[in-house]
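FYI, full-length UniProt numbering numbers position 190 of the sequence shown as 190, with every residue one higher than the one before it.
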Amino acid sequence: MSIANLLDPITAQGGQTRFSGLDQWMQGRTLYGGASALVAYTAATRAFPDLPPFRAAQVAFVAPTGSDIEVRREIVRQGRNVTQVRSELWCEGQCALSAFWLFGTLREANAVHPAAPIEEWPGPPEDAEDAMNGKGPAFITNNFEIRRAQDVRGPGAPIVRRWARLTDRDALDPISQLILMGDVLPPGAMRVMKRQGPLSSINWSFNLLDTEPTTRDGWFLSENASQHADHGYSSERLRLWNADGHQVLDGMQSAAIFG
């Protein structure tokens, strides 16, 4: 029911849309970033169902997103191979999220360079210890199963790594699952914060490395790593691997570090 609350109201026509039961997807006073990104992605693909395979995105989290949303989407450019679609979520008269989605046809490879194998493989998710049971914001406690994928606890290197899977995923295609969970972890910079304080995603850009991603039992290894943090912001690299250690998503994010 949680996924249905998120996606069922979205129509091909767009426009004013009312959602219900979104309390399960909230992060403070706004819809969790992965959930709002999935709403925008679904709006684009339902409006334009004949798009080529999805390959990349740029998502700006502009303002809090609530239950009453105006959905806007348009094809910005449709070339011979690549189509770029923009979708926006508007709340209370202002833009709350703006996203560009890149779709591209399959072409004969002129360059082949597989993603490097993951360093410090934590072992399979089936052997990992549970983490965050009953803890964290509403969107995690209601929708995700989280397991440890690193030994460090508390302060340390600015990297957060966890196994994660959606508890309700049967109605989602694999790409929608990745969008919904790609932003699930807090910034890696939290491990070097001088004191506890709020954290907030500002944007998220990512490339999909496999247009037909697969994994085992819904598990993905998620990692957020701060590349540089200062002046209240952190530049983060976000990556996802499947349960066999194959990278499926590579992304970047700017995060606000308050407190």
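All C-beta atoms, glycine included, are put in the ideal place defined by N, C-alpha and C. Quick caveat, the model's predicted, so the values are computed rather than measured.
- By the Cβ-count criterion, W219 is buried, with 16 or more other Cβ atoms from all chains shown falling within 10 Å of its own Cβ.
- For the 8 angstroms CB-CB criterion, P174 and P213 form a contact.
- DSSP places N143 inside the alpha helix (DSSP H), whose first and last residues are A138 to N143.
- Around the Cβ of G251, a 10 Å sphere holds 16 or more other Cβ atoms; the residue is buried.
- By the Cβ-count criterion, A225 is buried, with 16 or more other Cβ atoms from all chains shown falling within 10 Å of its own Cβ.
- Within the stretch 35-82, the runs of beta strand (DSSP E) at least 3 residues long that lie entirely inside it are, in chain order, 54-61 and 68-78.
- Counted as a single uninterrupted DSSP element, the stretch harbouring I175 is not any beta strand (DSSP E) but the alpha helix (DSSP H) occupying residues P174 to M181.
- With 16 or more other Cβ atoms from the protein chains shown falling within 10 Å of its own Cβ, T65 counts as buried.
- According to the DSSP secondary-structure assignment, R162 is paired through a beta bridge with R148 and S222.
- For the 8 angstroms CB-CB criterion, F258 and G197 form a contact.
- If you ignore the 5 residues before and after T167, its C-beta comes within less than 7 angstroms of the C-beta of N143, F144 and E145, all in its own chain and listed in chain order.
- Here DSSP, grouped into helix, strand and coil, assigns S20 to coil.
- Annotation: T215 to A111 spans about 25 angstroms, alpha carbon to alpha carbon.
- In the structure shown, N207 adopts extended strand secondary structure according to DSSP, grouped into three states.
- A contact is defined here as three or more CB-CB pairs under 8 angstroms, and the stretch 55-69 meets this definition with respect to the stretch 197-206.
- Distance from the CA of F48 to the CA of N81, rounded to the nearest whole angstrom, comes to 16 angstroms.
- Rounded to whole angstroms, the separation of the alpha carbons of A128 and G245 is 14 angstroms.
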